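The block underneath contains the structure these notes are about, expressed in structure tokens.
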Amino acid sequence: MSLLQVQDLKTSYGKVNVLAGVSFQVEPGETYALVGESGSGKTTVIRAIAGLAPAQHGSVKFNGMEIRGASERKLRPLRKDIAMMFQDPVGSLSPRLTVGRLITEPYKIQGMKDRDLNLEAKRLLEMVNLPSHFADRFPYQLSGGQARRVGVARALALEPKLILADEPTAGLDVSVQGELLNLLNDLRERLGLAMVIITHNLNVVRHVADRMGIMYLGRLVEEGTTEEIFRASRHPYTRCLLSANSEPDPDARLERIALKGEPPSLLTRPHGCEFRERCPFAHSGCERVPVWEVENGHGLRCLAPLTS
Amino acid sequence: MTEVLLEIDNLSVDYETGRGDLKALRNISFSLNKGEIVGIVGESGCGKSTLISSILRLTAPNTRFREGEVRFKGRNLLNISEQDMRSLRGSDISIVFQDPMQTHNPVLTIGRQMLDIQHRSSATKAEKLHRAAEMLSAVGIPDPQARLKQFPHEFSGGMRQRIAIAMALMSEPDLLIADEPTTALDATLEVQIIEHLRSLQQDMNCAVLFISHHLGVIAELCDRVVVMYAGAVVESGDVREIFGNPKHPYTRRLIDCDPGHIKERARVLPTIPGEVPDLANLPKGCIFRERCDQAMPRCTASVPPLQTIAEITGHRAACWLNHEEMAS
Ligand SMILES: Nc1ncnc2c1ncn2[C@@H]1O[C@H](COP(=O)(O)OP(=O)(O)OP(=O)(O)O)[C@@H](O)[C@H]1O
Ligand SMILES: Nc1ncnc2c1ncn2[C@@H]1O[C@H](COP(=O)(O)OP(=O)(O)OP(=O)(O)O)[C@@H](O)[C@H]1O
Ligand code: SF4
Ligand SMILES: [Mg+2]
Ligand SMILES: [Mg+2]
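Protein sequences, first through last, are from chains A and B.
Quick note: the first sequence uses the working numbering, first residue 48, plus one each step.
Quick note: the second sequence uses the working numbering, first residue 2, plus one each step.
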């Protein structure tokens, strides 16, 4: 049984369909990356899984149990097993609590009274490589990357089984980023931690994710093992996205495949393949609606898949 | 013709804390020419955001300016009136904050906020709204007319970041300061924003001070790079020199840590072992010494000055190794 199973998840705000049916699953100990266009619905997916965004349709099963639309009472015990790292690090920390209070709050919420909170705070700070005197600081006294690490420490406090991480390394320099990813890799190996990670950093995806799903306009357009997607992606959007990654070399010659036109309107979704108007490889046949097809574990929504 | 636009001259800034003064910036000096794009890179917590909030005088209440000047078009911004400073911000100098929520007021619609920042213009309300919609579309936000009626929380993280960029560019500034403006953008949009900034540089001679941890973007966008470590500039120079011929061990280690170089999945990513020194209790000698694998006795004895290594390119570094090289 999968640890997390998301089936045909749909979310709309008013008339705007933000998620138009998203399905994927995550096994225990697996890291699944969600990548894709800004505004394509990645944050909404994981917020909906955690019960923080509405989902009018579909199913979210954690350990086989349906949690979509579950009451807070039913979700409370699960809050220990599912932890969230928010995209906006400073905004997600309440400004009036010290760092020490913030990262040990999960113990209080779960009613774990036997813990020595000072000791736990020290342990958690050490884990994310912040000095222990940071426990006395307030969020505004942190740099962007330090606030991010406080969010990570808080998410790890209860040793969750599943982490929903929204851009966990944004704002970290490459060395601290490496430390954090090594820590998460280590937790996965030792505790079997599973993770859904959203990141725009393709270099990060390559090193942490076992499998990845690529989102466009509220749907997955491709899914596969990370290795396969980087080596032989088949959806034109994925190709455009991967080709846009910049290289840490001022003289690098990048062969980019540019997207055409403007991002489409969610108010009037395009007909046929929804990527058609921006697709550099589209042809007349793309006016039909592509269905999701899976071959050897590689999922694809495209009428004219690319070969290498 | 190069003409200096912004000059940071020996700037030192502290934060007063219960544990003593935190020496957040120490003797920072560098300059930015008109129409030039300069990148700042450095470890998380090294003082990049402190530096730009000091330039704009938008610092936290416990900030103390110890010494130095920030000259913009020859005027020292640290001693002009608050009123003059306010009229510079948002006209000659624009900023994109690291945290987009610092730009957006959560209780006002985006349209309202984009009207408000055009308060100096004599255009009609309809014209201003039209321009706001144009700017949204220029940063890739679909349905701009409808979107203007929405509140910040109704946008995705990357959209908020793009709106902040659009708002900063509305005044056509001479200097744009951007603190990690692309962390929430996918790679294709990031490229689009880079191209947008490039064309502003070319068409309007707009200078950009660009902070980012994304070394690929720095390499692609910037003319020159300033490398900071623990509150000090440790190296600065032409972007090719910094990436191709780094002269400070921290810069070298930083570039080596970039997973962009490593194309095969790595179980363990490279890091720089050790910790950043406590800024309230500075160690003696070179600030990087405790983590430097090339440290020598001299590095403990005294602080290496930021010294010019190549006159023509203006490449500077603060490391005793370069002095050994020059002596031999
Ligand atoms: N108001 C404050 N009071 C005390 N210390 C502060 C305050 N603001 C920032 N600091 C500390 O000053 C140092 C520099 O912070 P700054 O935000 O400038 O770093 P940064 O280089 O922007 O880092 P990042 O890349 O993580 O955003 C950090 O160690 C931070 O913890
Ligand atoms: N509370 C809300 N009300 C109305 N629309 C919303 C709300 N939250 C999100 N949206 C819209 O849903 C869409 C998807 O947003 P989401 O934050 O999930 O995108 P994302 O993929 O995480 O993007 P990014 O990479 O920029 O963070 C966007 O068009 C956004 O404006
Ligand atoms: S001065 Fe010494 S300790 Fe500092 S970076 Fe150079 S070699 Fe390393
Ligand atoms: Mg998001
Ligand atoms: Mg910062």
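Quick reminder that beta carbons are idealized off the backbone N, C-alpha and C, glycines included.
Note that the coordinates shown come from a computational prediction; the quantities given were computed from them, not determined experimentally.
CB contact flag (B/I212, B/I9, <8 Å): For the purposes of this step, residue 212 of chain B is taken as the residue at position 211 of the second sequence. For the purposes of this step, residue 9 of chain B is taken as the residue at position 8 of the second sequence. Taking 8 Å as the Cβ cut-off, B/I212 and B/I9 do not qualify as a contacting pair.
Please state whether DSSP places A/M159 in a helix, a strand or coil. Here residue 159 of chain A refers to the residue found at position 112 of the first sequence. The answer is coil: DSSP assigns A/M159 none of H, G, I, E or B.
Just the chain A side, please: which residues come within less than 8 Å of B/F244 by C-beta, in chain order? Here residue 244 of chain B is taken as the residue at index 243 of the second sequence, counted from 1. Result: P295, D296, P297.
In terms of residues, what are the limits of the alpha helix (DSSP H) holding A/Y284? Numbered from 1 along the first sequence, position 237 holds the residue referred to as residue 284 of chain A. Counting along the chain, the alpha helix (DSSP H) containing A/Y284 begins and ends at 283 to 291.
What residues in its chain sit with their C-beta under 7 Å from that of B/L68, if we drop five residues either side in the sequence? Here residue 68 of chain B refers to the residue found at position 67 of the second sequence. The sequence shown places Glu at residue 68 of chain B, rather than the Leu named in the question. Hits under 7 Å: N11, S13.
Since B/V234 and B/F73 should fall inside the 8 Å C-beta cutoff, what is the C-beta to C-beta distance between them, to a whole number of angstroms? Sequence index remark: in the second sequence, residue 234 of chain B carries index 233 (1-based). Sequence index remark: in the second sequence, residue 73 of chain B carries index 72 (1-based). With a Cβ gap of about 19 Å, B/V234 and B/F73 do not count as contacting.
Would you call the CB atoms of B/L280 and A/S222 closer than 8 Å? Numbered from its first residue, the second sequence carries residue 280 of chain B at position 279. Numbered from its first residue, the first sequence carries residue 222 of chain A at position 175. Against a cut-off of 8 Å, the Cβ pair of A/S222 and B/L280 comes out as no contact.
How about B/G48 and B/M229: do their beta carbons lie closer than 8 Å? As a working note, residue 48 of chain B is residue 47 in the second sequence. As a working note, residue 229 of chain B is residue 228 in the second sequence. Going by C-beta atoms, B/G48 is nearer than 8 Å to B/M229.
Any contact of the region 164 to 181 of chain B with the region 271 to 282 of chain A, i.e. 3+ C-beta pairs under 8 Å? no
When you check each C-beta in the region 259 to 293 of chain B against every C-beta of chain A, which residues fall closer than 8 Å? D259, P260, G261, H262, I263, K264, R266, A267, R268, V269, L270, P271, T272, I273, E276, D279
A/Y60: beta carbon under 7 Å from a heavy atom of ligand 2? What you label residue 60 of chain A is simply residue 13 of the first sequence in a count that begins at 1. A/Y60 Cβ: within cutoff of ligand 2.
Beta-carbon neighbours of B/L210, restricted to chain A and to distances below 9 Å: As a first step, residue 210 of chain B is located in the second sequence; it is residue number 209 there, counting from the start. By Cβ distance, chain A contributes nothing, its closest Cβ being about 16 Å from B/L210, past 9 Å.
Cβ pair A/I129, A/A80 closer than 8 Å: As a first step, residue 129 of chain A must be located in the first sequence, where it is residue number 82. As a first step, residue 80 of chain A must be located in the first sequence, where it is residue number 33. No, Cβ-Cβ distance for A/I129 and A/A80 is not below 8 Å.
Opposite B/S138 in the DSSP bridges: which residues? Position 137 of the second sequence holds residue 138 of chain B. In DSSP, B/S138 forms no bridge with anything.
Might you give, ordered along the chain, the residues of its own chain that have their beta carbon closer than 6 Å to the beta carbon of A/G308, omitting 5 neighbours on each side? Residue numbering aside, residue 308 of chain A sits at position 261 when the first sequence is read from its first letter. Excluding residues within five positions, the ones whose Cβ falls inside 6 Å are E324, R325.
DSSP three-state assignment for A/P71, whether helix, strand or coil: Residue mapping note: residue 71 of chain A aligns to position 24 of the first sequence, counting from 1. Here residue 71 of chain A turns out to be Phe, not Pro, going by the sequence shown. Strand, per DSSP.
Whether A/S49 touches A/G265 by CB criterion (8 Å): As a working mapping, residue 49 of chain A is identified with position 2 in the first sequence. As a working mapping, residue 265 of chain A is identified with position 218 in the first sequence. Against a cut-off of 8 Å, the Cβ pair of A/G265 and A/S49 comes out as no contact.
Among all residues, which have a Cβ less than 5 Å from at least one non-hydrogen atom of ligand 3, and in what chain order do they fall? B/P250, B/C287, B/F289, B/R290, B/C293, B/Q295, B/A296, B/C300, B/P305, B/C320, B/W321, B/L322
A/H180 vs B/R292 beta-carbon contact at 8 Å: Sequence index remark: in the first sequence, residue 180 of chain A carries index 133 (1-based). Sequence index remark: in the second sequence, residue 292 of chain B carries index 291 (1-based). Not in contact: A/H180 and B/R292 (Cβ atoms no closer than 8 Å).
Does the distance between the C-beta of B/D100 and the nearest non-hydrogen atom of ligand 4 fall short of 7 Å? The residue labelled residue 100 of chain B in the question sits at position 99 within the second sequence. Answer for B/D100: no, Cβ out of range of ligand 4.
Would you tell me roughly how many angstroms separate the C-alpha atoms of A/P75 and A/P207, rounded to the nearest one? Position 28 of the first sequence, counted from the start, is the residue given in the question as residue 75 of chain A. Position 160 of the first sequence, counted from the start, is the residue given in the question as residue 207 of chain A. C-alpha separation (whole angstroms): 11 Å.
Listing by chain order, which chain B residues have their CB less than 8 Å from the CB of A/E214? The count along the first sequence starts at 1 and reaches residue 214 of chain A at position 167. Within 8 Å Cβ-Cβ: G158, T184, A185.
If you check the beta carbons only, do B/K129 and B/S138 fall under 8 Å apart? Here the question's residue 129 of chain B lines up with position 128 in the second sequence. Here the question's residue 138 of chain B lines up with position 137 in the second sequence. No, these two residues do not count as a Cβ contact at 8 Å.
Distance between beta carbons of A/G218 and A/G198, contact taken as under 8 Å: For the purposes of this step, residue 198 of chain A is taken as residue 151 along the first sequence, with counting starting at 1. For the purposes of this step, residue 218 of chain A is taken as residue 171 along the first sequence, with counting starting at 1. Actually they do not touch by this definition, with Cβ atoms about 11 Å apart.
Using the rule of at least 16 other Cβ atoms within 10 Å of the residue's Cβ for burial, across every protein chain shown, is A/N165 buried or exposed? Indexing the first sequence from 1 puts residue 165 of chain A at position 118. With fewer than 16 Cβ atoms within 10 Å of its Cβ, A/N165 is classed as exposed.
For the region 215 to 236 of chain B, list every residue whose C-beta sits within 7 Å of some C-beta in chain A, in sequence order. L216, G217, V218, A220, E221
At which residues does the alpha helix (DSSP H) containing B/L198 begin and terminate? The count along the second sequence starts at 1 and reaches residue 198 of chain B at position 197. 188 to 205 is the extent of the alpha helix (DSSP H) around B/L198.
Taking 8 Å as the cut-off, decide whether the C-beta atoms of B/Q202 and B/I94 are in contact. The sequence position of residue 202 of chain B within the second sequence is 201, counting from 1. The sequence position of residue 94 of chain B within the second sequence is 93, counting from 1. No, the pair does not count as a contact, with Cβ atoms beyond the cut-off.
Once you ignore the five residues that flank A/V63 on each side, which residues in its own chain have a CB closer than 8 Å to its CB? Translated into the one-based positions of the first sequence, residue 63 of chain A becomes position 16. Once the five neighbours on either side are set aside, the close Cβ partners of A/V63 are L313, L314.
Taking just the CA atoms, how far does B/S54 sit from A/F328? For the purposes of this step, residue 328 of chain A is taken as residue 281 along the first sequence, with counting starting at 1. For the purposes of this step, residue 54 of chain B is taken as residue 53 along the second sequence, with counting starting at 1. Roughly 46 Å between the two C-alpha positions.
Beta-carbon proximity check, A/S70 vs A/V53, cutoff 8 Å: Position 23 of the first sequence holds residue 70 of chain A. Position 6 of the first sequence holds residue 53 of chain A. Against a cut-off of 8 Å, the Cβ pair of A/V53 and A/S70 comes out as a contact.
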